[in-house]
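Colleague: Each protein sequence line maps, in turn, to chains A and B. Numbering (this note's numbering) for the first sequence: 1 to 318. Numbering (this note's numbering) for the second sequence: 1 to 318. Using N, Cα and C, we set each Cβ at its ideal position, and we do this for glycine too. In this text, all values refer to a predicted model and were calculated from it rather than measured experimentally.
Protein chains: 2
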Amino acid sequence: MTVNASDQPTIGDIGEFGLIDRLTDHIGDNRHVLLGPGDDAAHVSTNDGSFVVSTDLLVEGRHFRRDWSTAHDVGRKAAASNLSDINAMGGVATALTVGFGAPADLPVAWALEMVQGFEAECALVGAHIVGGDVTASDSIVIAVTAMGDAPRPVRRSGALPGDVVAYAGDLGLAAAGFATLSRGFRSPKAAVEAHRVPHPPYAAGPQAARAGATSMTDVSDGLIADLAHIADASGVAIDLDSSAFAIPEAVSTVAEALGRQALDFVLNGGDSYALVATFSSETALPDGWSPIGTVADGTGVTVDGETYDGPAGHQHFR
Amino acid sequence: MTVNASDQPTIGDIGEFGLIDRLTDHIGDNRHVLLGPGDDAAHVSTNDGSFVVSTDLLVEGRHFRRDWSTAHDVGRKAAASNLSDINAMGGVATALTVGFGAPADLPVAWALEMVQGFEAECALVGAHIVGGDVTASDSIVIAVTAMGDAPRPVRRSGALPGDVVAYAGDLGLAAAGFATLSRGFRSPKAAVEAHRVPHPPYAAGPQAARAGATSMTDVSDGLIADLAHIADASGVAIDLDSSAFAIPEAVSTVAEALGRQALDFVLNGGDSYALVATFSSETALPDGWSPIGTVADGTGVTVDGETYDGPAGHQHFR
Numbered sequence: 001m002t003v004n005a006s007d008q009p010t011i012g013d014i015g016e017f018g019l020i021d022r023l024t025d026h027i028g029d030n031r032h033v034l035l036g037p038g039d040d041a042a043h044v045s046t047n048d049g050s051f052v053v054s055t056d057l058l059v060e061g062r063h064f065r066r067d068w069s070t071a072h073d074v075g076r077k078a079a080a081s082n083l084s085d086i087n088a089m090g091g092v093a094t095a096l097t098v099g100f101g102a103p104a105d106l107p108v109a110w111a112l113e114m115v116q117g118f119e120a121e122c123a124l125v126g127a128h129i130v131g132g133d134v135t136a137s138d139s140i141v142i143a144v145t146a147m148g149d150a151p152r153p154v155r156r157s158g159a160l161p162g163d164v165v166a167y168a169g170d171l172g173l174a175a176a177g178f179a180t181l182s183r184g185f186r187s188p189k190a191a192v193e194a195h196r197v198p199h200p201p202y203a204a205g206p207q208a209a210r211a212g213a214t215s216m217t218d219v220s221d222g223l224i225a226d227l228a229h230i231a232d233a234s235g236v237a238i239d240l241d242s243s244a245f246a247i248p249e250a251v252s253t254v255a256e257a258l259g260r261q262a263l264d265f266v267l268n269g270g271d272s273y274a275l276v277a278t279f280s281s282e283t284a285l286p287d288g289w290s291p292i293g294t295v296a297d298g299t300g301v302t303v304d305g306e307t308y309d310g311p312a313g314h315q316h317f318r
Numbered sequence: 001m002t003v004n005a006s007d008q009p010t011i012g013d014i015g016e017f018g019l020i021d022r023l024t025d026h027i028g029d030n031r032h033v034l035l036g037p038g039d040d041a042a043h044v045s046t047n048d049g050s051f052v053v054s055t056d057l058l059v060e061g062r063h064f065r066r067d068w069s070t071a072h073d074v075g076r077k078a079a080a081s082n083l084s085d086i087n088a089m090g091g092v093a094t095a096l097t098v099g100f101g102a103p104a105d106l107p108v109a110w111a112l113e114m115v116q117g118f119e120a121e122c123a124l125v126g127a128h129i130v131g132g133d134v135t136a137s138d139s140i141v142i143a144v145t146a147m148g149d150a151p152r153p154v155r156r157s158g159a160l161p162g163d164v165v166a167y168a169g170d171l172g173l174a175a176a177g178f179a180t181l182s183r184g185f186r187s188p189k190a191a192v193e194a195h196r197v198p199h200p201p202y203a204a205g206p207q208a209a210r211a212g213a214t215s216m217t218d219v220s221d222g223l224i225a226d227l228a229h230i231a232d233a234s235g236v237a238i239d240l241d242s243s244a245f246a247i248p249e250a251v252s253t254v255a256e257a258l259g260r261q262a263l264d265f266v267l268n269g270g271d272s273y274a275l276v277a278t279f280s281s282e283t284a285l286p287d288g289w290s291p292i293g294t295v296a297d298g299t300g301v302t303v304d305g306e307t308y309d310g311p312a313g314h315q316h317f318r
């Protein structure tokens, strides 16, 4: 047993199997879950005989900070970042696995709240945790894999010259919130909250797939950086119209306070989990999707016809 | 760019996207992989409309050491531990995702060799990496999720009084190898190699499922600890016959050198990835399976009718 100075039991106090029991207590299931946590593997059904799958690895201090976010928020964001990848394929997640590494002195309550936040976010699309692994590690690590159904997976490679570029969701808010917290401020609340808990437009991905979107991705590195992946994979050029964006008030407030361009947050801000897609110009855009640009022959992404040289998208290790 | 004193490029030198390009270069695919790495999610087909899935989180210093194992061996073992979980359901893995966290000063060559070892182990069952994530972290973290087909998933909960307990694979060798390395020795080679690269009996899981195994699991915490999961889940008692085990010569050698009982390594040694299962007494055991005990009414696991009190199985955080 770990010596525990405070009243709060730590995960070292209850051990690996105690922690697993407590964590799996709160986990629900759905009609896709034929066998949930507790065996060597889970068993999950699919709608059409195939599934889409995506994985993310979140590390404390790099993807989240315990002094900025509650455990519940960290869990919601960990789930959201992966659910967003399934959304970006036009799919709906059904089952997720979670690997959780943490130091032995972590309060049990933190782990439970994180998993409750995770399940709360999953509930927005009807998905559940079906398996996991817990282990000791020096800092908190959360490894998430999401699996789901996508009747017509929308890749990054299908954009065609003449297509319309459109987005759904929030752009710039999360990045403005990150900039706010980095300077030691706690408001505007709309921006700070968007950084703590993103709100991916979960209905918009399947809608775009049904409407015939030719390509789609989610905005995780920044709109221009992520559209560059579509332009590369599709072999096309993309031009954005800077006047087409609705800039959230909180983004303008943060930009003014920090002496930055509001458009920078919108075009280069990461972690928003908005969706961006291309559609044939003859397609009526689904509700919630707004046009922001066009696809042409060529390469690369431009804004108003020119290379946009704001701060670049985020890369790890650099 | 990270300053790089040696000739070896580090992952900090080539950055996140450079690393992803290098890592995904080596990845193959199979008929199940409808869409592999490089998009928001992969797309994988199933044989029967459902899939089994399991996840593991491996942390440097706890699950592997760079001074004990090559990068290739670490990759093989990371894959093996998850492929073994699918094997333990009677399934065959088809697709895996890998989350990789590492410090920026890690040589690119280490990451490439790890992934090559990972794919080499996956090739033993015909599976491939379909997606991943890389991020910076203080120590190396490898998060693996394996998905596959299991026509008749064998759970831990189906053992019945009167059933025969049997195992397939190696018991005790990996634990003897770990004990050897912990004392600073490098031989006997058979034990040390079994710790570095386990050899799960990949044919034995599907064979047992086809033969009608009533319950099955793999030996990761230790034979007694893992059989206790079967006894608990099935609501039965299990008694092992200590004279039934073929004790590998290298295990006897290590036990003698360290003044321990060879049977301890066999009954309590972890990470062997052998399989243990129960079969009706009327079932002819498949090739490679050896009887080691019986199932009865009651609870718990005994050896020769008595509680076995060797060193206990491994738990994290304790």
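May I have the straight-line CA-CA distance separating Asp264 of chain B from Ser243 of chain B, to the nearest angstrom?
Modeller: Each residue's Cα considered, the two are about 13 Å apart.
Colleague: For the segment 264 to 288 of chain B, list every residue whose C-beta sits within 8 Å of some C-beta in chain A, in sequence order.
Modeller: Within the segment 264 to 288 of chain B, no residue qualifies.
Colleague: Could you pull out every residue in the same chain whose Cβ sits closer than 8 Å to the Cβ of Ile14 of chain A, ignoring the five residues on either side in sequence?
Modeller: Contacts found: Arg22, Val108.
Colleague: Quick check: what's the CA-CA separation for Asp40 of chain A versus Gly177 of chain B?
Modeller: The alpha-carbon atoms of Asp40 of chain A and Gly177 of chain B are separated by roughly 25 Å.
Colleague: How about Asn52 of chain B and Ile86 of chain B: do their beta carbons lie closer than 8 Å?
Modeller: Looking at the sequence provided, one finds Val at residue 52 of chain B rather than Asn. The answer is yes: Cβ separation under 8 Å.
Colleague: With a threshold of 7 Å on Cβ separation, who are the neighbours of Ser45 of chain A within its own chain once the five nearest residues in sequence on each side are excluded?
Modeller: Closer than 7 Å at the Cβ level, and outside the excluded window around Ser45 of chain A, lie His32, Leu34.
Colleague: Taking only three categories from DSSP, how would you classify His32 of chain A?
Modeller: The answer is coil: DSSP assigns His32 of chain A none of H, G, I, E or B.
Colleague: Can we say the segment 164 to 174 of chain B touches the segment 233 to 253 of chain B, given the rule of at least three CB pairs closer than 8 Å?
Modeller: Touching, yes, given that three or more Cβ pairs across the two stretches are closer than 8 Å.
Colleague: Name the chain B residues whose beta carbon is nearer than 8 Å to that of Ala42 of chain A?
Modeller: Near Ala42 of chain A (Cβ distances below 8 Å), the residues of chain B are Val52, Val53, Ser54.
Colleague: For Phe265 of chain B, which beta-bridge partners are listed by DSSP?
Modeller: BP columns for Phe265 of chain B are empty, so no partner.
Colleague: For Ala211 of chain B, which residues in chain A fall below 9 Å Cβ to Cβ?
Modeller: By Cβ distance, chain A contributes nothing, its closest Cβ being about 18 Å from Ala211 of chain B, past 9 Å.
Colleague: Compare the C-beta of Met114 of chain B against all C-beta atoms of chain A and say whether one is closer than 8 Å.
Modeller: Taking Cβ atoms only, chain A never reaches closer than 8 Å to Met114 of chain B, which makes this a no.
Colleague: Helix, strand or coil, according to DSSP, for Phe100 of chain B in the structure here?
Modeller: Phe100 of chain B: strand per DSSP, three-state reduction.
Colleague: Helix, strand or coil, according to DSSP, for Thr294 of chain A in the structure here?
Modeller: The answer is strand: DSSP assigns Thr294 of chain A an E or B state.
Colleague: For the pair the segment 139 to 154 of chain B and the segment 94 to 107 of chain B, tell me if three or more CB-CB distances fall below 8 Å.
Modeller: Yes, the segment 139 to 154 of chain B is in contact with the segment 94 to 107 of chain B.
Colleague: How many angstroms separate the CA atom of Ala204 of chain B from the CA atom of Pro286 of chain B?
Modeller: About 8 Å.
Colleague: Taking only runs of the beta strand (DSSP E) that begin and end inside the segment 48 to 123 of chain B, which ones reach a length of at least 3 residues, in chain order?
Modeller: Segments of the beta strand (DSSP E) lying fully in the segment 48 to 123 of chain B: 50 to 59, 92 to 102.
Colleague: Under 8 Å, Cβ to Cβ, is there at least one residue of chain B near Leu57 of chain A?
Modeller: Interface residue, yes.
Colleague: Would you call the segment 70 to 80 of chain B and the segment 114 to 131 of chain A touching, i.e. three or more CB-CB distances under 8 Å?
Modeller: Touching, no.
Colleague: Along the chain, where does the beta strand (DSSP E) that runs through Asp221 of chain B open and close?
Modeller: Element bounds for Asp221 of chain B: n/a, residue is neither H nor E.
Colleague: Where DSSP assigns a beta bridge to Asp133 of chain B, which residues make up the other side?
Modeller: Paired residue(s): B:Gly99.
Colleague: Cutting at 8 Å between CB atoms, please list the residues of its own chain near Arg152 of chain A, excluding the five before and the five after it.
Modeller: Only Gly90, Ala209, Arg210 meet the Cβ criterion.
Colleague: Would you verify that the beta carbon of Arg65 of chain B is, or is not, closer than 8 Å to some beta carbon of chain A?
Modeller: It does not: the Cβ of Arg65 of chain B has no partner Cβ on chain A nearer than 8 Å.
Colleague: Look at Asp218 of chain B and Ala88 of chain B and say whether their C-beta atoms are less than 8 Å apart.
Modeller: The answer is yes: Cβ separation under 8 Å.
Colleague: Compute the Euclidean distance between the alpha carbons of Ala104 of chain B and Arg186 of chain A, then round it to the nearest angstrom.
Modeller: Approximately 31 Å, taken between the alpha carbons.
Colleague: Using a Cβ-Cβ distance under 8 Å, would Thr135 of chain A count as near chain B?
Modeller: With 8 Å as the cut-off, Thr135 of chain A counts as an interface residue toward chain B.
Colleague: In chain A, what lies closer than 7 Å to Ile86 of chain B by C-beta?
Modeller: Neighbours of Ile86 of chain B on chain A, chain order: Ala41.
Colleague: Considering Ile142 of chain A, what are the terminal residues of the beta strand (DSSP E) in which it resides?
Modeller: Ile142 of chain A -> beta strand (DSSP E) spans 141 to 149.
Colleague: Along chain A, in chain order, which residues have C-beta atoms closer than 7 Å to that of Thr214 of chain B?
Modeller: Near Thr214 of chain B there are no residues of chain A at all, since even the closest Cβ is about 14 Å away, more than 7 Å.
Colleague: From the DSSP output, which residues share a beta bridge with His43 of chain A?
Modeller: DSSP lists A:Leu35, B:Val52 as partners of His43 of chain A.
Colleague: Compute the distance between the beta-carbons of Gly222 of chain B and Gly288 of chain B, then report whether it is under 8 Å.
Modeller: No, the Cβ-Cβ distance between Gly222 of chain B and Gly288 of chain B is not below 8 Å.
Colleague: Could you tell me which residues DSSP pairs with Tyr167 of chain B in its beta bridges?
Modeller: Tyr167 of chain B is bridged to B:Val276, B:Ser290.
Colleague: Between Thr299 of chain B and Ala231 of chain B, is the Cβ-Cβ spacing less than 8 Å?
Modeller: Yes, the pair counts as a contact, with Cβ atoms nearer than the cut-off.
Colleague: Could you confirm whether any beta carbon from chain B is found closer than 8 Å to the beta carbon of Val301 of chain A?
Modeller: Closer than 8 Å: no.
Colleague: I want to see whether chain B comes within less than 8 Å of Val3 of chain A, judged by CB atoms only; does it?
Modeller: Interpretation of Val3 of chain A is limited by its pLDDT of 44, a score under 50 that renders its predicted location unreliable; the figure taken from the coordinates is listed afterwards. Not one chain B Cβ lies under 8 Å of Val3 of chain A.
Colleague: Specify, as a first and last residue, the run of the beta strand (DSSP E) that Val301 of chain A falls within.
Modeller: 300 to 303 is the extent of the beta strand (DSSP E) around Val301 of chain A.
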